[in-house]
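Below is one structure; the comments refer to it alone.
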Amino acid sequence: MGIFSLYTLGLGRTLQPDVLLFLFFGTLVGLIFGVIPGLSATIGIAIFTPFTFKMSPEGSFALLLGIYCGSTFGGSISAILASIPGTIAAIMTVHDGHPMALKGEAGRAIGLATISSFIGGLLSVVALVFFAPLIARWALEFSAQEYFAITLFGISVIAYISTGSMVKGFISALIGLLLATVGADPTTAYPRFTFDSVALLGGLPMVPLIVGVFGFAEVLRMAEKDASAYRRITEVGKIIPSMRELGRLFGTMARGSFIGVFIGAVPAAGASIAAIISYGVEKRISSHPETFGTGEPRGIVGPESANNATTGGAMIPMMTLGVPGDLVTALLIGAMLIHGLHPGPLLFKDHPQIVSSIFISLTLSNVIFLVLGLCGARLFAKLITLRREVLVSMILCLSIVGTYSIENSIFHVWVYLVGGIAGYVMTRVGVPVSPLVLGFILGPMVESFFRQALILSYGNPIYFFARPIAAIFLGLTILLMLAPFLMKKLFGYQYSGG
Numbered sequence: 001m002g003i004f005s006l007y008t009l010g011l012g013r014t015l016q017p018d019v020l021l022f023l024f025f026g027t028l029v030g031l032i033f034g035v036i037p038g039l040s041a042t043i044g045i046a047i048f049t050p051f052t053f054k055m056s057p058e059g060s061f062a063l064l065l066g067i068y069c070g071s072t073f074g075g076s077i078s079a080i081l082a083s084i085p086g087t088i089a090a091i092m093t094v095h096d097g098h099p100m101a102l103k104g105e106a107g108r109a110i111g112l113a114t115i116s117s118f119i120g121g122l123l124s125v126v127a128l129v130f131f132a133p134l135i136a137r138w139a140l141e142f143s144a145q146e147y148f149a150i151t152l153f154g155i156s157v158i159a160y161i162s163t164g165s166m167v168k169g170f171i172s173a174l175i176g177l178l179l180a181t182v183g184a185d186p187t188t189a190y191p192r193f194t195f196d197s198v199a200l201l202g203g204l205p206m207v208p209l210i211v212g213v214f215g216f217a218e219v220l221r222m223a224e225k226d227a228s229a230y231r232r233i234t235e236v237g238k239i240i241p242s243m244r245e246l247g248r249l250f251g252t253m254a255r256g257s258f259i260g261v262f263i264g265a266v267p268a269a270g271a272s273i274a275a276i277i278s279y280g281v282e283k284r285i286s287s288h289p290e291t292f293g294t295g296e297p298r299g300i301v302g303p304e305s306a307n308n309a310t311t312g313g314a315m316i317p318m319m320t321l322g323v324p325g326d327l328v329t330a331l332l333i334g335a336m337l338i339h340g341l342h343p344g345p346l347l348f349k350d351h352p353q354i355v356s357s358i359f360i361s362l363t364l365s366n367v368i369f370l371v372l373g374l375c376g377a378r379l380f381a382k383l384i385t386l387r388r389e390v391l392v393s394m395i396l397c398l399s400i401v402g403t404y405s406i407e408n409s410i411f412h413v414w415v416y417l418v419g420g421i422a423g424y425v426m427t428r429v430g431v432p433v434s435p436l437v438l439g440f441i442l443g444p445m446v447e448s449f450f451r452q453a454l455i456l457s458y459g460n461p462i463y464f465f466a467r468p469i470a471a472i473f474l475g476l477t478i479l480l481m482l483a484p485f486l487m488k489k490l491f492g493y494q495y496s497g498g
């Protein structure tokens with residue numbers, strides 16, 4: 001099937017009123033979660049995933065992808081108006097966005113951020129549509145040991161770049177892998193770590209645990225923060241920039257988009273890294289680098305096009321290999337599993353309509369946030385100083401209702417609460433939760449591929465290194481695990497994470 005044919009295959013279903021409504025609502029929710037400091041795409045998707053159980057796959061991914069794209073852009077609004085990045089992806093937008101706002105050009109800054117985000121997001125979809133089918137076709141030749149090696153490598157990368165101690169990152173990932181073994185053994189059906197509980201025979205429920213780790217833990221963190229109001233710019237002014245200015249900045253948008261797609265496709269790299277690199281590149285090639293940090297338009301356009309370009313870039317390894325490009329795509333893998341879909345090359349072969357719907361939803365979500373960003377910036381600006389009590393109540397209610405409604409089970413609520421407390425405690429002691437979640441989501445896949453490979457090799461571990469791609473990724477995984485010890489031994493350097 002050609003690339004154009006694949007893209008248009010799901011057009012009829014995706015353009016149905018219900019799917020478009022979910023897409024619009026998801027993008028709007030994503031913008032809100034992006035604008036409000038402390039919230040993010042991760043929390044938004046974690047909270048709303050339980051509500052997708054009864055929805056069609058097309059409607060479900062329209063909602064979740066809308067949240068993903070909308071929140072990635074939305075963080076720039078609070079970064080510009082309040083000097084507080086709404087999401088970590090907007091960390092570099094603060095440097096020139098807020099100084100421009102202080103000059104009375106807040107509207108211009110928001111306009112540049114919106115349009116550059118749109119261009120970056122759109123170009124990332126083009127890259128996704130073009131490269132994903134090619135990689136999926138190549139990945140069809142993979143066997144169990146390649147998938148085991150690639151999946152294990154993805155978990156290792158997340159642990160490696162986690163904030164704080166890298167050792168703690170690996171410990172967190174191992175805890176996630178351990179939690180994934182709870183329940184009946186997939187091969188022998190023998191119960192593992194169930195403690196004679198019937199509720200645990202099916203394993204720990206994925207969605208309540210994830211919602212707890214992100215949703216309830218965030219409620220606990222917000223409850224202890226100082227409730228003082230954020231400083232913000234009240235006058236937004238003219239928003240849409242001139243065509244001449246956009247033409248002058250198009251090269252910056254293109255460079256940022258390329259950086260974002262490339263960084264997004266690297267497992268665990270993330271939008272913030274893309275934004276930092278893009279900002280550094282623009283400052284380096286500028287003939288007047290001293291203007292950066294004083295309201296330089298390229299200091300807004302570069303990072304914003306880059307961080308939004310990671311959305312499509314991160315979907316490439318997730319859809320083709322089942323390896324998440326970032327934490328959000330790890331949660332999207334969980335959403336796919338809920339609907340009986342398994343990310344990887346067979347997704348393109350067995351469910352091309354779903355793949356097409358994902359492509360189209362990403363495209364339309366960028367169009368929707370462009371319109372909402374240009375037309376509703378003044379309204380979104382008011383969300384920056386939303387009272388903490390309102391946020392806590394909103395997150396708590398949505399989380400509990402969504403968790404309970406999955407199977408009308410109070411056990412799910414208990415998992416949500418325990419997961420939230422555990423996530424909060426882990427954060428307080430400096431242990432990152434992202435590797436735990438990724439290990440928990442990918443754990444069953446790692447175990448399945450590992451056992452398949454052992455069966456094929458009659459228990460010979462050398463078999464894992466018999467194929468070049470598997471050997472390369474296993475070698476990289478071992479290197480990542482040994483990296484802190486090697487750095488300390490060879491260079492006396494103590495790596496402490498990202």
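Counting in UniProt numbering, the sequence shown runs from 1 upward without gaps. C-beta: ideal position from N, C-alpha, C; glycine also.
A residue is called buried once 16 or more other Cβ atoms fall within 10 Å of its Cβ, and L341 is buried on that count.
In the DSSP annotation of this structure, A89 is not part of any alpha helix (DSSP H), being labelled neither H nor E. Annotation: V182 to P191 spans about 8 Å, alpha carbon to alpha carbon. Unbroken alpha helix (DSSP H) runs of no fewer than 4 residues, entirely contained in the stretch 33–79, are found at 41–48, following chain order.
Beta-bridge analysis with DSSP links P191 to A184. Taking one beta carbon from each stretch, the stretch 74–85 and the stretch 27–34 have 3 or more pairs nearer than 8 Å; the two touch. Between the alpha carbons of G86 and S156 lies a gap of roughly 28 Å. Cβ neighbours of V94 within its own chain (closer than 6 Å, five residues either side excluded): A79, S83 and P85.
Rounded to whole angstroms, the separation of the alpha carbons of L479 and L486 is 9 Å. Contact between I240 and A113 fails: their C-beta atoms lie close to 12 Å from each other, not under 8 Å.
When secondary structure is reduced to three states using DSSP, K349 falls in the helix class. C-alpha of T403 to C-alpha of F440: approximately 18 Å in a straight line. With a threshold of 16 other beta carbon atoms within 10 Å, F359 meets it and is buried.
Straight through space, the alpha carbons of S399 and S405 are spaced by roughly 10 Å. In the three-state reduction of the DSSP assignment, L456 falls in the helix class. One thing to note: L438 has its Cβ within 8 Å of the Cβ of P324. Less than 8 Å separates the beta-carbon of V125 from that of T363. By the criterion of a C-beta distance shorter than 6 Å, S117 is surrounded in its chain by F73, E304 and N308, once the five residues flanking it on both sides are discounted. Setting aside the 5 residues that flank it on each side, F193 is surrounded in the same chain by V182, each with a C-beta closer than 6 Å to its C-beta; the list follows chain order.
Distances from the CA of F449 to each of T49, W414 and G322 were compared; the closest alpha carbon is that of G322. In this structure, the straight-line span from the alpha carbon of I3 to that of I395 is close to 40 Å.
For Y7, the uninterrupted alpha helix (DSSP H) segment begins and ends at I3 to L9.
Cβ atoms of A173 and L436 come within 8 Å of each other, at about 7 Å. Burial of Y147 is indicated by the presence of at least 16 other C-beta atoms within 10 angstroms of its C-beta. Contact between L249 and P133 does not hold, since the beta-carbon distance rounds to 32 Å and is not under 8 Å. With contacts defined by Cβ atoms closer than 8 Å, R137 and Q353 do not form a contacting pair.
In this structure, T42 sits near L327, with a CB-CB distance shorter than 8 Å. The beta carbon of T151 sits closer than 7 Å to those of G322, V323, L442, M445, V446 and F449, all from its chain and outside the five residues before and after it, given in chain order.
Residue nearest to L201 within the set L209, A189 and G212 is A189 (criterion: CA-CA distance). Taken through DSSP and simplified to helix, strand or coil, P343 comes out as coil. Here DSSP, grouped into helix, strand and coil, assigns I110 to helix. Assigned with DSSP and collapsed to three states, D196 falls in coil, not helix or strand.
Ranked by Cα distance from V413, the options G334, P50 and P468 are led by P50. For Q145, the secondary structure class from DSSP, reduced to helix, strand or coil, is helix. Counting along the chain, E304 sits inside the alpha helix (DSSP H) bounded by residues R298 to L321.
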